[in-house]
Amino acid sequence: MSRSRIDPHLKSVLAEFSRNYLIKRRNALMGQNFEELRTLLAEMKDASLERNAELLDRFEAEACRRGNEVLRARDGDEANRLIADVLGRNGAAKVAKSKSMVGEETHLNDFLSRRGIEPRETDLGEWIVQLEAEAPTHMVMPAIHLTRADVARIFARRLGRPVPEEIPALVRIAREELRREIFTIPAGFIGANALVAENGAVILVTNEGNGRLVSTVPPVQVVLASIEKVVPTMADAALLLRLLPRNATGQVFTSYVSFIAGAGDHPRTVILLDNHRSEILADPVFRQVLRCIKCSACLNVCPAYKVLGGKEFAHVYMGGIGTLLTAWVHGLKESKAMAGLCLGCHRCEDYCAAKIKIADLVIALRERLNEQIGSPLWKRLAFEGVLARPPVHRAAFRAARVGRPLLSGKDGYLRRLPFPFRKYDRFRAVPAPAKKTFSKLFKKSGLGGGQAAGRGRITIFAGCLIEHFYPEIGMDAARVLKALGYGIDLAPAACCGFPSANGGFPRSARKSYEKLMEAIRASETVVTLCPTCTTMLGHAGPDLAGDEAAGLADKIISFAEFLERKEKKGLARVLSKRSEPNVLTYHESCHHKYYLKAAEATRSVLEAATGSKIKDMPETATCCGFAGSFSADHPEVSEAILAEKLDAIKETGAGTVALDCPGCLLQIRGGCRRQGLAVEVRHTAQLLAERLNKRNS
Amino acid sequence: MVRRKRAGAGLVKLFRERAEAAGAEVRTSATPAAARTAIASILEELGAQTIASAADAKAFVPAKFRARLVRGDKAEDSASAEAGLVLAHFGIAETGTLVHLDRSDAGKNVWTLPPVCVAVLEACAIVGRLEDVLPAITKHLASPSGFGQVSLVTGPSRTADIENVLSIGVHGPGRLVIVLIDGKIGKMA
Chain A
0 MSRSRIDPHL KSVLAEFSRN YLIKRRNALM GQNFEELRTL LAEMKDASLE
50 RNAELLDRFE AEACRRGNEV LRARDGDEAN RLIADVLGRN GAAKVAKSKS
100 MVGEETHLND FLSRRGIEPR ETDLGEWIVQ LEAEAPTHMV MPAIHLTRAD
150 VARIFARRLG RPVPEEIPAL VRIAREELRR EIFTIPAGFI GANALVAENG
200 AVILVTNEGN GRLVSTVPPV QVVLASIEKV VPTMADAALL LRLLPRNATG
250 QVFTSYVSFI AGAGDHPRTV ILLDNHRSEI LADPVFRQVL RCIKCSACLN
300 VCPAYKVLGG KEFAHVYMGG IGTLLTAWVH GLKESKAMAG LCLGCHRCED
350 YCAAKIKIAD LVIALRERLN EQIGSPLWKR LAFEGVLARP PVHRAAFRAA
400 RVGRPLLSGK DGYLRRLPFP FRKYDRFRAV PAPAKKTFSK LFKKSGLGGG
450 QAAGRGRITI FAGCLIEHFY PEIGMDAARV LKALGYGIDL APAACCGFPS
500 ANGGFPRSAR KSYEKLMEAI RASETVVTLC PTCTTMLGHA GPDLAGDEAA
550 GLADKIISFA EFLERKEKKG LARVLSKRSE PNVLTYHESC HHKYYLKAAE
600 ATRSVLEAAT GSKIKDMPET ATCCGFAGSF SADHPEVSEA ILAEKLDAIK
650 ETGAGTVALD CPGCLLQIRG GCRRQGLAVE VRHTAQLLAE RLNKRNS
Chain U
0 MVRRKRAGAG LVKLFRERAE AAGAEVRTSA TPAAARTAIA SILEELGAQT
50 IASAADAKAF VPAKFRARLV RGDKAEDSAS AEAGLVLAHF GIAETGTLVH
100 LDRSDAGKNV WTLPPVCVAV LEACAIVGRL EDVLPAITKH LASPSGFGQV
150 SLVTGPSRTA DIENVLSIGV HGPGRLVIVL IDGKIGKMA
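Here the protein sequences line up with chains A and U, keeping their order. Quick note on numbering: numbering that gives the first Met the number 0 labels position 560 of the first sequence as 559, and the sequence is numbered without any gaps. Quick note on numbering: numbering that gives the first Met the number 0 labels position 180 of the second sequence as 179, and the sequence is numbered without any gaps.
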């Protein structure tokens, strides 16, 4: 078996980093309207991208008027050549560098070394990884994967003497070493956080001050910037600076911000790099990727990045946004493995300073990967052969139910998997299919049919997991709605299409979605019990189907939102308020929270029904690690993310975990079982149904 | 009139809070002469032998340091001085930031290279937000014949690159001491 992809030390460093980041960011954003600011930033960047060519020309003209030289590079190689030429022309055999992700993108250091020019990184983290011959693993914290002991070892090797494993001493060494060299290095190289068209200014943001040293002390100056960095005016730059430090490091402002418009006392060459960005610009779906200001907030909150870090979840650029950039600047093929590591939890989208729909775009990228690079046979079979064909789908589950006595123990879980498959179930017990489907139980129960008692009719769409694994949740939801006075119909038990859409198979997804929508076209209100299905029926599906879905999305509503909006009084009538015997906590399922924005609705309904306050676990809105086929593709990552979720639950001392998604229920309940935790994991519908008063139960 | 004074005091207070939160030290003097005295005692506390200063802060160099002054023209000189004495053109209250309209590399060297940076700021030059000082910054950058650079400095040099632990003074000054000249300070006390 291959080595573990998860480094336990790195995982714990990243977990703590992420926790601290969230606290610092919240403080730094106090008094700022983040939503409003990022909407403005997204609009400003979109408008700038719209006139990118014109702004670049203006920037060039203004920078040249102020004594700078501006050159354009089509790709990374050309940029590297231009930089080497400028350095060569000035007789520079060594160049001091301030941090530049674009320089990483073009592999500038390797190129210069081959040309006999020594690149000297000056940002502490960059220098450390350079000495270790590694690549940065985070856009803002390049050496976050190394400990102080690692750094001491690296410095000792460089200096040829022992070095104490103390951070202040290590920082002092970095200062002394750079000070020893900087006055003799003939050239300085910096990246750019933004370019201002109206005055040709390069904006450079650093905390360490190395950017100031590098851009002031050496006589020859080179700047490398990618073309999307250009903004029209200083006011636009100020907006960017209002968000960048706050969202990147949770600082109100960065220590050093330099506006460099005039060449000052030195000649300065600015190289503008395209490297396939013009192609992104011309792509209406992916254009918004270029709004990115590289704050890396998306990395700091990404559950998969937190577990894997920027060695595993990276090519050069990291995480979800890195996946998208990679597909263009380093080629579609290089983005394939990364695209599979996005959980699709959409958490990053809540934190993105530029409102980039990162997770949605990763799904769109998977489509292109499937079309142009190909996809595994088992996925094509599963999505196109099974899920998109309800009769085949049903037959598969029928077969599984027939085989149930063989597959499962008395407890309703599958038997433990044999050795080669153990990684799939060692962290989470997998349920066996239920003896009877939800459709069948519902039919027998007599809850359906009959005339509505005044409140009209509702169609329940339960989704595959409830239909085949957790029919009791469907029954509970039906009982609650019936008690409220609704007549109940069931939507056909078919796949909503989400798994296919998520896997990058839009044709199968659309087929499933349209078939289902046809079947519920006549329904007035469709109440759903799975947030992922709701996302498909209410948002992603209509996007796929276009005009043909017009109006259908409006009648799709999740169980919790329906109750919160329409039946708060009704619930008070049919429920007997009763607190949970043990502490109640609530897991905010990703689609429910980030896509439907419905977590508050559940909280309000649950707190009303139980009369008790929910005790929040740390990071309650972080993914449980299930994410559908993700947990089969990356069981190790799924396991690590679940472990954190279970730790968070344990920390609350909760006896009951409420949630809204049967996928999370499968994962968390199965994990509790493996760990032997005495925790009940219940869908909101279950917690409500057990409180129906006698008249109604 | 009274209201404007109050708002001014609020800005000074906010500037002070935010600058300190960013790791700067703030000392207040009522007059330029008092500021010179305060600067002399800061430099003496440091035991400074030589200090670096750019032309615009010349008026604040204490008499006894005039003979031990290096200009920032040569970067090495600034680096070997024990402190740099600079004049900030504006302060931004919201972020505790000092704004310097750079006129030479020498000026930038004095701000960046010595281990301690002593910056003089007049309270009347404090504005609320970056946006409030943009016209001045933009004007400074606009002229093709000018030096055309601007520096915003907030607190001392910092890094968290090793284990995400904050350390001060990695490449720039480890201390930023702001000497705030606030004429109202005497009356308020």
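Glycine residues also receive a C-beta, built at the ideal position from the N, C-alpha and C atoms.
Can you give the beta carbon distance from residue i to residue j, rounded, assuming they're within the 8 Å contact cut?
| i | j | result |
| --- | --- | --- |
| A91 of chain U | V126 of chain U | According to the sequence as given, residue 91 of chain U is Ile; it is not Ala. Indeed they touch by this definition, with Cβ atoms about 6 Å apart. |
| V132 of chain U | V98 of chain U | 6 Å |
| P113 of chain U | P31 of chain U | With 8 Å as the limit, P113 of chain U and P31 of chain U do not qualify as a contact, their Cβ atoms being about 22 Å apart. |
| R65 of chain A | A262 of chain A | 6 Å |
| I95 of chain A | R119 of chain A | Reading the sequence as shown, one finds Ala at residue 95 of chain A and not Ile. The Cβ separation is near 5 Å, so the contact holds. |
| C495 of chain A | C532 of chain A | 4 Å |
| L40 of chain A | A353 of chain A | 6 Å |
| A381 of chain A | L406 of chain A | Between L406 of chain A and A381 of chain A the Cβ distance is about 19 Å, and since that is not below 8 Å, they are no contact. |
Listing by chain order, which chain U residues have their CB less than 7 Å from the CB of residue i?
| i | result |
| --- | --- |
| D56 of chain A | Within chain U, no residue comes near D56 of chain A; the closest Cβ sits about 17 Å away, beyond 7 Å. |
| V101 of chain A | None at all; the shortest Cβ gap to chain U is about 20 Å. |
Tell me which residue opens and which closes the beta strand (DSSP E) that residue i is part of.
| i | result |
| --- | --- |
| A174 of chain U | One point to set straight first is that residue 174 of chain U is Arg, not Ala, in the sequence displayed. Start and end: 174–180. |
| D615 of chain A | That residue, D615 of chain A, is in no beta strand (DSSP E); it is neither H nor E in DSSP. |
| G90 of chain U | 89–91 |
| C116 of chain U | 115–121 |
Could you tell me whether any Cβ in chain U is nearer than 9 Å to the Cβ of residue i?
| i | result |
| --- | --- |
| V150 of chain A | yes |
| S254 of chain A | yes |
| R690 of chain A | no |
| P141 of chain A | yes |
| M0 of chain A | Any answer about M0 of chain A is weak, because its pLDDT of 36 lies below 50 and its placement is not dependable; what the coordinates show is given next. Chain U, which has no Cβ nearer than 9 Å to the Cβ of M0 of chain A, makes this no. |
| G66 of chain A | yes |
| N19 of chain A | yes |
| I292 of chain A | no |
| G124 of chain A | yes |
| V12 of chain A | yes |
| L130 of chain A | no |
From the DSSP secondary-structure annotation, give me the bridge partner or partners of residue i.
| i | result |
| --- | --- |
| R156 of chain A | Note: R156 of chain A sits in no beta bridge, so no partner. |
| R148 of chain U | According to the sequence shown, residue 148 of chain U is Gln rather than Arg. Answer is A:I259, U:D101, bridged to Q148 of chain U. |
| G67 of chain A | One detail in the question is off: residue 67 of chain A reads as Asn in this sequence, not Gly. According to DSSP, N67 of chain A bridges with A:R267. |
| T527 of chain A | A:F460, A:S557 |
| Q220 of chain A | A:G187, A:R267 |
| D488 of chain A | A:T458 |
Can you pull the chain A residues whose beta carbon is under 8 Å from the beta carbon of residue i, in chain order?
| i | result |
| --- | --- |
| G145 of chain U | G261 |
| D55 of chain U | Going along chain A, no residue has its Cβ under 8 Å from D55 of chain U, so there is no contact; the nearest lies around 16 Å. |
| S166 of chain U | I166, P167, V170 |
| I136 of chain U | M233, F258 |
Residue i CB to nearest chain A CB: under 9 Å?
| i | result |
| --- | --- |
| A6 of chain U | Low confidence applies here, because A6 of chain U scores a pLDDT of 45, under 50, leaving its location unreliable; read the following figure in that light. Cβ-Cβ to chain A under 9 Å: no for A6 of chain U. |
| A78 of chain U | yes |
| E75 of chain U | yes |
| R67 of chain U | no |
| V117 of chain U | no |
| D181 of chain U | no |
| G95 of chain U | yes |
| L10 of chain U | no |
| R15 of chain U | no |
| L112 of chain U | yes |
Closer than 8 Å to a non-hydrogen atom of the ligand ZN - does that hold for the CB of residue i?
| i | result |
| --- | --- |
| A539 of chain A | Looking at this structure, you won't find the ligand ZN or any other ligand, since it has none at all. |
Which residues bound the alpha helix (DSSP H) around residue i?
| i | result |
| --- | --- |
| R114 of chain A | First-last for R114 of chain A: undefined, no H or E at that position. |
| C663 of chain A | 661–674 |
| H139 of chain U | 129–141 |
For a contact defined as C-beta to C-beta under 9 Å, what are the partners of residue i on chain U?
| i | result |
| --- | --- |
| E207 of chain A | S156, R157, T158, D160, V169, H170, G171 |
| D6 of chain A | Within 9 Å Cβ-Cβ: nothing; D6 of chain A doesn't reach chain U, min ~14 Å. |
| T146 of chain A | I161, E162 |
Can you name the residues of chain U whose CB is closer than 8 Å to the CB of residue i?
| i | result |
| --- | --- |
| R119 of chain A | Residues of chain U passing the Cβ test: none, with the nearest at roughly 13 Å. |
| A169 of chain A | Going by the sequence as given, residue 169 of chain A is Leu instead of Ala. Simply I161. |
| A234 of chain A | E130, L133 |
| A237 of chain A | L129, E130, L133 |
Counting only Cβ pairs nearer than 7 Å, list the residues of chain A close to residue i.
| i | result |
| --- | --- |
| D104 of chain U | T215, G263, D264 |
| A141 of chain U | N198 |
| K107 of chain U | R211, T215 |
Under 9 Å between beta-carbons, which chain A residues line up against residue i? List them in chain order, please.
| i | result |
| --- | --- |
| V149 of chain U | A200, V256, S257, F258, I259, A260 |
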